[in-house]
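The opening position of the sequence shown corresponds to residue 1 in my numbering, with each subsequent residue numbered one higher. Where a beta carbon is used, it is the ideal one built from N, C-alpha and C, also for glycine. Source: prediction; values computed, not measured. First comes the structure, then the notes that go with it.
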Amino acid sequence: MYRSVGRMSLLLCWAVMALHLATGVDAASGVVNTTEEEVEGVDSQSPCPAGWHQNEHRCFSFYPVWATWATAESYCSQHRGNLVSVHSPGQQMFVQDLVRRHTYQPVWIGGYDAAQEGMWLWSDGSAVDDVYWEEDEPSNSGQGENCM
């Protein structure tokens with residue numbers, strides 16, 4: 001983890017390239033209506049755009065761009081994704097392998113606690129599962145680590 005959001009690191013984005021997107025909720029029944037949408041770069045053989053890597057129904061892409069955490073998240077958002085979130089040991093191993101194939105430099109992932117000190121979330125809005133961390137991590141050392 002890093003001491004401030006101003007620190008520069010590389011970024012790793014993920015996106016769910018699902019073709020079924022919610023179009024609204026029927027007020028009377030509460031049923032969610034869906035539609036199929038063609039996602040740019042996705043073909044029938046792979047749910048991920050060219051250059052992206054699939055794992056557990058999600059698509060991942062590594063961008064060798066030096067950026068702050070906030071800029072990195074914005075960059076991923078512009079590509080229909082978020083900085084990576086990790087929710088299983090399998091995802092963690094996949095992400096570690098993907099990073100090692102591209103760099104040994106620090107890489108931003110989507111964890112942050114800037115909204116409420118000590119309440120870690122992923123930038124996609126999901127909760128941080130602490131079972132995949134070393135003991136006492138994420139630590140927020142000195143109240144100065146607000147993103148990972």
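What is the rounded straight-line gap between the Cα of residue i and the Cα of residue j?
i: F94; j: D113; result: 24 Å
i: Q105; j: V99; result: 9 Å
i: I109; j: H57; result: 18 Å
i: V86; j: Q92; result: 6 Å
i: A127; j: A50; result: 29 Å
i: E117; j: T103; result: 30 Å
i: A67; j: D97; result: 21 Å
i: S77; j: E134; result: 28 Å
i: R101; j: L121; result: 26 Å
i: G81; j: G125; result: 12 Å
i: Q54; j: P47; result: 8 Å
i: A115; j: E73; result: 15 Å
i: V107; j: S88; result: 19 Å
i: H79; j: Y63; result: 11 Å
i: M119; j: T71; result: 21 Å
i: N146; j: S123; result: 12 Å
Check for me: the beta strand (DSSP E) holding residue i runs from which residue to which?
i: W52; result: Here W52 belongs to no beta strand (DSSP E), and DSSP marks it neither H nor E.
i: R58; result: 58 to 67
Assuming residue i and residue j make a contact with CB atoms under 8 Å, what is their CB distance in whole Å?
i: V84; j: Y75; result: Not really, about 13 Å apart at Cβ, beyond 8 Å.
i: Y60; j: W52; result: The question names Tyr, but residue 60 in the sequence shown is Phe. Confirmed, about 6 Å.
i: G90; j: M148; result: Rounded, the Cβ-Cβ distance is 19 Å, inconsistent with contact.
What are the start and end residues of the alpha helix (DSSP H) that includes residue i?
i: G125; result: Premise fails: G125 is in no alpha helix (DSSP H) and is neither H nor E.
i: G118; result: No alpha helix (DSSP H) contains G118, which DSSP labels as neither H nor E.
i: P89; result: 89 to 102
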